[in-house]
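Enquirer: Sending over a structure as structure tokens; questions will come in a sec.
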Amino acid sequence: MTPPRALRSPVMAMARPARPAAELVALREAAVIVEMETDKSKAHALGTEIARRVVEELRRDLASDPDDRLSAALTELERNVAPSPFVTLATCPEIDVHGDYMKMRRERLEARSGQYLSPEGQCVELAAILDRIERRLSQRYIRQLRA
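Structure below.
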């Protein structure tokens, strides 16, 4: 019996895919802003504050009406004129925080078998998802700021 191919051939180690370069650039810019605005300088405090602000921007983006073209145009203009690293971290398609949000929302929908939530339940679910995203982003940003 011949050994499996993986044992006969050289093994190629595969690492975790690298985070997008845009994320690191925006994170460094956000860290400078937070350091200037607050007295925080440690990676843990900076990462936590940046994650909090990114989730605020994500919440604002989720609450915006996609059918309001004037508001969307003004928001896009503001992003082009004075880009905020917090908005970039929250809305950049490469970084895909929206994708994380949608994945968690889908998981919760599947867990409750598609059952409809009352408006209060929807608010509670949104808060729980955003809290989970904030914790996850905080850990990621702390790791990246320490590197």
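Its first residue numbered 79, the sequence shown is counted upward by one per residue in my numbering.
Ideal placement from N, C-alpha and C gives every residue a C-beta, glycine not left out.
These figures come from a predicted structure and were not determined experimentally.
Under three-state DSSP, which class holds I220?
Expert: Residue state, collapsed to three classes: helix.
Enquirer: Which of the three DSSP states is assigned to L155 in this structure?
Expert: Residue state, collapsed to three classes: helix.
Enquirer: So, for I207: in the same chain, excluding its five sequence neighbours on each side, which residues have a beta-carbon less than 8 angstroms away from its beta-carbon?
Expert: Excluding positions up to five away in sequence, the list reads Y179, M182, R183, R186.
Enquirer: So A168 packs on D139, CB below 8 angstroms; how close in whole Å?
Expert: Confirmed, Cβ separation roughly 6 angstroms.
Enquirer: Less than 8 angstroms separating the beta-carbons of E198 and A129?
Expert: Their beta carbons are not under 8 angstroms apart, which means E198 does not touch A129 by this criterion.
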